Amino acid sequence: MISIMMINDFSFEIKREDILRLIDCREDSPVFGAVMESYEEISHDLFQIIKPAIIMNFGIIDDSTACAQLPSGTKVLYVIATIGRDASKTCTELFKNGDYIGGMLADAMANYHFLLMENIVNEIVKEECRKINMGIAVRLEAPKDISMSFQRIIHKQTDSAGLLGINITEGNMFDPVKTIGFVLKLSDDISLCNVNHNCSNCDSIECKFRSVPHADITVIFGNRKFIMSCNAGESLLEALIRNKYYHNAACGGMGTCGKCRIRVIEGNLDISQADRDTINFDDIQHGCRLACKAYPGKDCTIELDSGYNSDFTIVADYDKNNDEMCLKTDNKYAIVIDIGTTTIASQLFAMKSGEVIRTYTSLNSQRIYGADVISRIRASNQGKSEPLKKAIVSDLKKCIMEMLSAEGISLHELLKIVISGNTTMIHFLMGYSCISLGVSPFTPVNIDRIEVLASDIFGINSECKVIIMPGISTYVGGDIVSGLFCCNFDTLKKPSLFIDLGTNGEIALGCRDGILCTSTAAGPAFEGGNITCGTGSVSGAICGVQLIGDDVKLATIGHLPPKGICGSGIIDIAAELLKEKIIDSSGLMEEKFFNRGFALYKGLNDREILITQKDVREIQLAKSAIRSGVDILIKHYGINYNDIDAVFFAGGFGYTVNLHNTAYIGLIPDEFIEKTEIAGNTSLGGVFKYLTVEHSLSRIEKIITNSREVNLSGENDFNELFMGNITF
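According to numbering that gives the first Met the number 0, the sequence shown holds residues 0 to 727 in order.
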């Protein structure tokens with residue numbers, strides 16, 4: 000063979016955007032400014048001390064170094080690469096000194112140099128092998144392909160200690176840390192050229208440069224079975240989305256909510272760190288993984304939970320308030336739609352009689368990009384704006400066409416479509432940029448009343464007008480305006496309170512003389528998000544809980560076996576745990592339940608439905624956000640609890656809530672129990688009312704004119720109230 004070769008004369012083109020991609024930092028990231036400042040501060044000096052070098056040496060395996068993969072007599076090429084001791088030392092010191100941004104950046108810069116070296120070295124290796132008429136059968140790396148002890152052989156055969164000062168520890172790790180070694184098994188077949196790193200055999204399953212061949216995935220979903228491909232570098236969740244299956248992903252694929260669980264039936268999926276963080280050990284051993292962090296290297300069969308995507312209970316009822324209708328005389332029809340963050344509700348009615356002749360509800364397909372508006376704004380600003388628009392347009396077009404088709408009504412008979420939704424949903428529908436929604440001062444593109452043709456939005460052959468309800472602000476949108484109109488806030492003589500217990504937790508207080516409104520960061524806890532076994536209002540969701548001694552009595556939607564806990568069940572279990580002193584007023588669980596949680600139900604494969612200490616904290620945060628928002632509005636209005644004439648609970652969650660338990664955990668004061676009305680889907684009710692009562696537009700304009708938003712983040716008292724209300 001030939002002598003040892005060392006290459007240390009590298010010239011790289013450094014692309015800052017590639018380095019930032021390695022740490023998932025984009026311009027819309029809240030830490031982007033700090034990262035850029037750190038980049039400018041450390042990059043010049045770090046690039047100066049990064050000393051890329053590689054050593055190669057051809058050799059032959061003898062009896063003393065032979066192993067199963069490399070029998071004695073095998074021709075090989077030993078390779079070791081490093082970026083030098085100083086660069087590794089700098090990375091370590093930055094982390095040690097508490098400069099985590101600098102440490103992450105330095106680590107990314109080092110890894111980036113390895114990537115650039117890899118591409119150059121591979122070409123050199125190919126050329127050197129061609130010179131001696133050898134092919135490359137396989138690349139072997141420790142510990143996946145060969146034992147860690149083989150790194151000691153690579154270290155010796157390359158003389159890396161003498162040439163580059165590289166040491167090896169007792170644990171067979173290279174020192175400096177930023178050093179890699181591998182061995183190439185050579186072949187007489189010169190057509191073989193397997194020099195590249197094998198991503199499909201690598202533990203770094205979340206690597207930004209991971210590349211694996213596509214895998215065929217057999218998906219079992221209830222009684223259905225289908226096969227889909229999962230492309231190189233694509234997660235299972237992304238593959239499911241591409242194949243039009245909308246799996247639950249409350250955190251938008253960030254790996255934090257644990258909601259996109261699947262189960263491996265055949266084959267193998269590596270365990271990610273996110274799996275370890277969100278799934279208990281027993282479930283992991285039974286094959287449970289997070290779809291958003293699963294990157295199949297080979298064909299496999301997985302099973303999905305069908306519960307979240309079927310039989311979802313969506314509220315489309317509301318009180319029509321006995322308003323005198325102002326109806327049309329022609330035989331035309333209209334459709335009203337409420338776009339919720341989680342669900343969509345719509346109705347078709349006859350303009351002549353006001354009769355609702357068809358109701359259609361569905362899940363909002365955008366939920367795959369996150370359970371809340373913040374997650375979806377982030378997704379939109381990271382390149383998903385077009386898919387988000389397509390998802391909601393497709394959902395609405397489907398509900399329109401299915402209702403018309405079911406009743407045998409043509410598009411030409413459709414006079415109007417009126418839509419209400421929060422500001423973010425309307426931005427997605429209209430295709431507006433969400434960049435300004437995601438950064439202070441959170442400015443919307445447009446919250447005015449919008450009137451366009453259905454053909455312009457939905458691409459349907461119709462001259463029907465589409466009217467979109469106006470909003471008050473970025474976080475108090477058209478759905479709340481519609482709800483206030485439904486509850487007659489423009490004519491109420493005494494102050495009343497409006498609470499929408501959805502993800503955004505909107506609250507309004509007032510009457511015809513003036514309205515104060517706000518939006519609280521309640522989060523998705525009351526809709527099952529951020530709760531370990533939380534779910535939406537699906538069949539089998541636990542919606543009521545009673546603890547009587549050691550007995551746990553559960554009520555579920557549809558009286559089916561429990562699948563998870565929905566919003567009303569979450570409030571009930573918090574109240575019951577408090578009554579039974581399993582949690583104290585601070586929310587602390589009894590010691591015996593602290594680590595594992597309190598079991599409500601044990602189902603198939605011994606999978607338990609639990610409420611954990613973390614879940615209790617999520618409930619506390621959500622209920623305190625709502626209660627503190629109520630208290631701030633009452634303070635600004637200059638009244639007390641007893642001065643409030645009526646309380647309207649709006650939204651699907653509020654429709655089944657136990658008011659006594661709601662007060663027991665402190666979400667509302669006791670004074671509200673007897674004066675609270677479950678108002679249903681007031682957003683849908685408001686748009687129906689818009690089309691069926693006189694002077695509706697002027698009444699809505701009065702609500703907007705009379706409304707003033709209170710920004711809780713600017714309230715000096717809010718933090719104090721929040722901390723006070725967080726206890727039970």
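Backbone N, C-alpha and C fix where the C-beta goes; we use that ideal spot for every residue, glycine too.
Keep in mind it's a predicted model, so treat the numbers as computed, not measured.
In this structure, A136 places its C-beta atom within 8 Å of the C-beta atom of N193. Nearest Cα to T358 within the set I702, N680, M722: N680. Around the beta-carbon of G32, fewer than 16 other beta-carbon atoms lie within 10 Å, marking it exposed. Where L362 is concerned, the enclosing beta strand (DSSP E) starts and stops at 355-362.
Closest by C-alpha distance to A238, out of T64, C229, H246, is C229.
Around the CB of F593, fewer than 16 other CB atoms lie within 10 Å, so the residue is classed as exposed. Membership of A507 in the beta strand (DSSP E) is indicated by the continuous run 505-510. Per DSSP, V176 is not a residue of any alpha helix (DSSP H), being assigned neither H nor E.
A contact is defined here as three or more CB-CB pairs under 8 Å, and the stretch 449-467 fails this definition with respect to the stretch 355-373. Of the candidates A507, L395, S432, A520, the residue whose Cα lies closest to the Cα of I459 is L395. Residues of the same chain with a CB within less than 6 Å of the CB of D614, apart from the 5 flanking positions on each side, are I530, T531 in chain order.
Taking I189 as reference, the option from T519, G353, G134 with the minimal CA-CA separation is G134. Look at the stretch 370-417 and you find these whole runs of alpha helix (DSSP H), each 4 residues long or longer: 372-378, 384-406.
Going by DSSP, N121 is part of the alpha helix (DSSP H) stretching over 99-130. Restricting attention to L236, E127, H112, the CA atom closest to the CA of I179 is found in H112.
Exclusion of the five residues before and after V120 leaves I53 as the residues of its chain whose Cβ lies within less than 6 Å of its Cβ. In this structure, DSSP gives N166 an extended state, which the three-state scheme calls strand. Note that the stretch 395-404 does not touch the stretch 276-286; fewer than 3 beta-carbon pairs, one per stretch, sit closer than 8 Å. Within a 10 Å sphere around the beta-carbon of S364 sit 16 or more other beta-carbons, which makes this residue buried. Annotated three-state conformation of C299 is strand, per DSSP. In the three-state scheme derived from DSSP, where H, G and I count as helix and E and B as strand, I343 is classed as strand. Per DSSP, the continuous beta strand (DSSP E) segment holding R288 begins and ends at 287-289. Secondary-structure assignment with DSSP links S228 through a beta bridge to D215. DSSP places N421 in the coil class of the three-state scheme, outside both helix and strand. For the pair D571 and N660, the CB atoms are nearer than the 8 Å cut-off. DSSP, reduced to helix, strand and coil, places T502 outside both helices and strands of the structure shown, so it counts as coil. In the structure shown, M588 falls within a strand segment according to DSSP collapsed to helix, strand and coil.
Segment contact: the stretch 62-75 against the stretch 9-22, fewer than three CB-CB distances shorter than 8 Å; contact not assigned.
For C463, no pairing in a beta bridge is given by DSSP. Relative to the Cα of V480, the nearest Cα in the group M227, G685, T73, A405 belongs to G685. The distance from the Cβ of D337 to that of D215 is about 40 Å, inconsistent with a contact at the 8 Å cut-off. The continuous stretches of alpha helix (DSSP H) do not include N330, and DSSP gives it neither H nor E. I446 is a Cβ neighbour of G476, given a cutoff of 8 Å. In the structure shown, the three-state DSSP call for F647 is strand. With a contact defined as Cβ atoms closer than 8 Å, L410 and Y332 miss out at about 10 Å.
Taken through DSSP and simplified to helix, strand or coil, I153 comes out as helix.
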